[in-house]
Structure formats: C-alpha cells, structure tokens
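The numbering used here puts the sequence shown at residues 56 to 418.
A virtual CB, placed ideally from N, CA and C, is assigned to each residue, including glycine.
For clarity, every value in this text was computed on a predicted model and none was experimentally measured.
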Amino acid sequence: MPSLVYLDHAAATPVRPDLLAGHAARCAQFVANPHGTTRQSEVCRRAVAEAERRLLVALGIDWREAQVVWTSGGTEADNLACLGVIRRSATTVLVDAGAHAAMLEPCRQAAVCQEIPLDGKGALQLAGPDWAAAGLVAVCHVNNETGAVADLPALRAVSRALLAVDAVQALGKVPIPWREARLDLVAVSSRKIGGPAGVGALVVRRGVALQPLFLGGGQQQGLRPGTVDVVGVTEFSLAAEAAVAEQAAHAARCRHLANRVRTALADEVCFLSPETGVPHILALSLPGYDGAVLMRLLAEQDVVVGAGSACHAESAQTSHVLRAMGYDETTARGQLRLSFGPDSSEADVDRLVAALREVRRNY
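Laid out in structure tokens, this is it:
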C-alpha cells in the first residue's frame with residue numbers, strides 16, 4: 056500500500072516528533088491549575104510565564120512591549136482582536152477583502168465596515184480606502200489560500216488606526232514586522248507549526264484596551280477567562296521557537312518544491328499564487344473542473360491537498376479571496392491548494408503530479 060502524500064500543511068501540520076516524545080512527561084509534570092494557590096500551581100504558573108517569554112522571543116518582541124493572551128486557536132485570537140476593539144471603541148473598520156473568515160466576519164459586526172480591495176496578485180490596494188476614518192484596520196499578513204504576503208510597513212505608513220494582523224500562516228514562515236509596522240494585535244496558531252491543536256495566542260501591545268469575548272473568573276487579566284492549558288501553551292511556544300529557528304531552511308526547501316510543481320504543470324493548470332508569496336502555499340486552478348471533487352479523487356489515491364480554506368471546504372460557495380482578486384467563477388471553482396511541510400519531498404511532488412494527471416483523465 057502506498058504511503059500517504061500529505062500536502063495540506065496550511066490546514067494542519069502534524070505535531071513535531073520531539074513534542075510528541077515529551078508530551079506524556081509534561082502532562083505528568085503540569086497537573087495543577089496555574090491560577091491556584093498551591094506550590095504545584097506555582098510550578099504551572101511559572102511554566103505559563105516561560106511559554107509567554109519564549110513565544111515573544113520567537114516573534115522578536117520585547118516583553119515590555121506586549122502581553123500574550125492564550126486562546127483556543129487562531130479563530131478565537133482573530134475574534135478577540137477584532138471584536139475586542141469593535142465592542143470597546145471602534146465604529147469604522149477597514150478589513151482585508153481576502154482575510155480569513157475568522158477576521159472578516161467579526162469585522163462585519165462594526166457599525167461601518169469597508170473592505171480593502173486586492174489586486175490580481177492578492178496585494179492590498181492602499182490607494183482607495185478612507186484610512187483617516189478607521190478606528191481599526193484588520194488584515195492577514197499571509198493569505199491562507201494564495202500565500203500572498205501583505206506589505207505591513209506600507210500599510211502602517213498610510214494608517215494610524217489600531218492594526219490587527221492575522222499571522223497564523225506567517226509564524227515560522229516569514230518575519231513578522233512587529234516594530235517596523237508598529238503592529239498592535241497579532242493572532243497566531245499552534246497547529247500550523249507542528250504544535251498541538253486547540254491552542255493559539257493573541258499578542259497585544261501594552262496599552263491597547265480590549266473588551267473580552269467571555270466572562271468568568273478573570274484569568275489572563277480578564278481578557279480570556281478560563282484555565283490556561285499549561286501543557287498546550289508550553290508545547291506551542293516550543294514549536295514556535297523551533298519553527299522560527301528553522302524558518303530559512305524550511306522556506307528554501309518549500310520554494311524548491313513549489314518550483315518543481317510549477318515546472319511540471321506549467322502547461323496544464325492556472326497558478327493563482329503570486330511568485331512573491333510564501334513558498335509553502337501554492338494555489339492552482341483547473342478551470343472547468345470542481346476543485347472539491349478533484350480533492351476527493353486525489354485522496355482516493357492517498358494524495359491529500361486542500362481546496363481553498365480548510366474552514367470552507369464543505370461550502371458550495373467559491374473563494375471570496377479569488378473573487379476579490381478578480382478571478383471568474385470557473386477558475387475559482389477549480390481551485391486546489393498545495394501546502395508543504397517539514398516532511399514534504401520531491402517524491403511527494405512527483406506523486407501529486409502523476410495523480411492529478413490521472414484524475415483529470417478519469418474525471
């Protein structure tokens with residue numbers, strides 16, 4: 056039986072083997088409630104503080120500039136960033152037209168929500184929006200469908216509003232310009248970098264006031280009540296540290312694999328990802344085919360890819376990202392998303408190419 060070719064790392068990357076190896080020991084070590092008053096609670100509380108320090112260091116952020124709010128994942132972090140500002144102060148919001156739904160939908164709760172348009176390569180168009188009116192600007196650093204990278208310093212140059220950034224696909228893949236773009240809120244996720252699922256974080260610049268989404272015991276300075284998962288945040292921070300350390304090597308390997316796909320399929324598909332995008336995400340389209348059907352047929356050959364955002368895989372609607380980029384319905388419907396990870400190889404790419412050709416012949 057052939058081994059599985061897994062090319063859907065933008066949806067979820069398998070947990071790093073080194074984290075798996077130490078997971079049971081961490082579960083045995085961190086058994087107490089970190090918000091309690093016992094000696095064991097203090098051990099757990101210090102572990103959470105160390106995880107915060109480690110994550111901030113990985114992001115290149117001084118602890119005096121920001122605090123970390125631990126969440127259940129990138130979706131909650133995006134929601135807290137956007138709704139936390141909107142419910143407290145902002146009435147006018149500018150949001151990236153290609154943003155993940157976890158950012159786009161909360162922003163639409165504002166009294167006034169305007170979308171920042173994209174060009175055909177997925178770049179934010181900065182000339183049109185009314186930047187002076189906005190209390191909050193919310194954008195994706197790396198688009199989760201196409202891999203297009205937003206120019207955050209250029210965005211900051213035209214806007215003085217609070218700047219919330221979905222960096223879920225950026226962490227460990229490209230540098231996040233915290234200081235250069237004076238970011239205020241940064242959402243990140245564990246499962247995209249080989250950490251455990253169900254863990255995320257919102258990095259909040261000190262002095263930025265948020266309205267909490269939940270009410271409860273007042274944990275995490277009242278911004279996110281509930282008991283912090285000590286093992287989860289510890290492993291997330293370790294994964295972040297490793298991902299940033301391996302960032303350059305990972306990018307080079309993924310760029311090689313993406314170029315191999317582009318060369319092999321140059322005359323057979325339409326590539327949707329810009330050449331300047333992150334190397335680990337490669338979106339393509341087979342116009343006239345249904346990407347969701349192609350994805351399932353490929354899975355029957357043990358080749359796993361995505362069809363746009365994993366969060367919208369069951370939706371009958373075509374990608375709002377591709378619509379914002381100006382692609383027609385036929386091209387958008389034929390979308391597939393390849394995303395490479397630490398174990399992706401040339402052999403995986405070759406099997407993908409062969410399987411895709413066979414699927415097309417038998418479609």
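One or two residues paired with residue i in a DSSP bridge
| i | result |
| --- | --- |
| residue 10 | No answer is possible for residue 10: it lies beyond the span of the chain, which begins at 56 and ends at 418. |
| residue 255 | 126, 244 |
Start-to-end residues for the alpha helix (DSSP H) that takes in residue i
| i | result |
| --- | --- |
| residue 96 | 94-114 |
| residue 339 | Per DSSP, residue 339 belongs to no alpha helix (DSSP H); it is in the beta strand (DSSP E), 336-340. |
| residue 84 | 72-84 |
| residue 292 | 285-300 |
Span of the beta strand (DSSP E), counted from its first residue to its last, around residue i
| i | result |
| --- | --- |
| residue 223 | Looking at the DSSP string, residue 223 is not in any beta strand (DSSP E), and its letter there is neither H nor E. |
| residue 169 | 167-171 |
| residue 151 | 147-151 |
| residue 392 | 390-394 |
| residue 193 | 191-195 |
When the options are compared against residue i, the one with the closest alpha-carbon
| i | options | result |
| --- | --- | --- |
| residue 314 | 332, 299, 302 | 332 |
| residue 414 | 180, 254, 287, 346 | 346 |
| residue 380 | 171, 268, 239 | 171 |
| residue 291 | 335, 248, 257 | 248 |
| residue 287 | 86, 66, 61, 59 | 86 |
| residue 468 | 60, 396, 90 | This structure leaves residue 468 out entirely; the chain is present only between 56 and 418. |
| residue 187 | 224, 201, 145 | 145 |
| residue 71 | 133, 245, 318, 231 | 245 |
Between the CA atoms of residue j and residue i - distance to the nearest angstrom
| i | j | result |
| --- | --- | --- |
| residue 343 | residue 98 | 58 Å |
| residue 160 | residue 152 | 11 Å |
| residue 163 | residue 128 | 20 Å |
| residue 367 | residue 93 | No answer about residue 367 holds up, because its pLDDT of 46 lies below 50 and its placement is not dependable. |
| residue 178 | residue 407 | 28 Å |
| residue 326 | residue 103 | 43 Å |
| residue 174 | residue 84 | 51 Å |
| residue 167 | residue 220 | 19 Å |
| residue 61 | residue 295 | 21 Å |
| residue 117 | residue 194 | 23 Å |
| residue 304 | residue 110 | 20 Å |
| residue 165 | residue 383 | 29 Å |
| residue 418 | residue 137 | 42 Å |
Contact under 8 Å by Cβ, residue i with residue j
| i | j | result |
| --- | --- | --- |
| residue 337 | residue 393 | yes |
| residue 237 | residue 211 | yes |
| residue 329 | residue 222 | no |
| residue 489 | residue 122 | Lying before the first or after the last residue shown, residue 489 is absent from the chain, which here runs from 56 to 418. |
| residue 189 | residue 214 | yes |
| residue 359 | residue 410 | no |
| residue 142 | residue 266 | yes |
| residue 254 | residue 239 | no |
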